[in-house]
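Accompanying notes for the structure given below.
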Amino acid sequence: MNGDTASIFWVFNIFIILLSIAGAYCILMTFNLIRALLGLEILMKAATLLIILAGYLTHQSGLAQAMVITLIVIEVVVMVVAGGIILSLFRHYKTIDTRKLNQLKG
Numbered sequence: 029m030n031g032d033t034a035s036i037f038w039v040f041n042i043f044i045i046l047l048s049i050a051g052a053y054c055i056l057m058t059f060n061l062i063r064a065l066l067g068l069e070i071l072m073k074a075a076t077l078l079i080i081l082a083g084y085l086t087h088q089s090g091l092a093q094a095m096v097i098t099l100i101v102i103e104v105v106v107m108v109v110a111g112g113i114i115l116s117l118f119r120h121y122k123t124i125d126t127r128k129l130n131q132l133k134g
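Whatever position you read off the sequence shown (first residue = 1), add 28 for the working numbering.
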């Protein structure tokens, strides 16, 4: 790696690590389902950034772009389905706090 590539690598690595920590914190430390969903979104953005970095470093940007587009489509579908489930839970139980959703069966 030359100097320019190494500096880009470390900057991207720092952002990926920070996004991963922030996303994991949002998922693990909250009882609000919307915040957990936002944490999942942040984690997916970190994975997207990691794929872009890997494509840049391996000089396979076409493959990385295809994988990122696929990941974005999957991410949108997951967010819409999870948002629908959360909306349905709110309509039925009038809360999105996981501590108060103890009447769920399944």
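The beta-carbon is built from N, C-alpha and C at its ideal position, and this holds for glycine as well.
Please read all numbers here as calculations on a predicted model, not as lab measurements.
Asked: By how many angstroms is the C-alpha of L85 removed from the C-alpha of A94?; Found: 16 Å
Asked: Can you have a look at A34 and say buried or exposed, based on whether 16 or more other CB atoms are within 10 angstroms of its CB?; Found: exposed
Asked: Span of the alpha helix (DSSP H) holding N41?; Found: G31 to L56
Asked: Got a sec? Which residues, its chain only, sit under 8 Å from L77 by beta carbon, not counting five neighbours each side?; Found: F40, F43, I44 and L47
Asked: Do the CB positions of V106 and L81 come within less than 9 Å of each other?; Found: no
Asked: Name the two residues that bound the continuous alpha helix (DSSP H) containing L156.; Found: Here the chain covers residues 29 to 134 and nothing more, so residue 156 does not appear.
Asked: If contacts are defined as beta-carbon pairs under 8 Å, then A92 and G83 qualify, I think. What distance do you get, rounded to the angstrom?; Found: 2 Å
Asked: How far does the alpha helix (DSSP H) with R63 in it reach, from first residue to last?; Found: L61 to L85
Asked: Whose C-beta lies closer than 6 Å to the C-beta of R63 among residues of the same chain, with five residues either side of it excluded?; Found: C54
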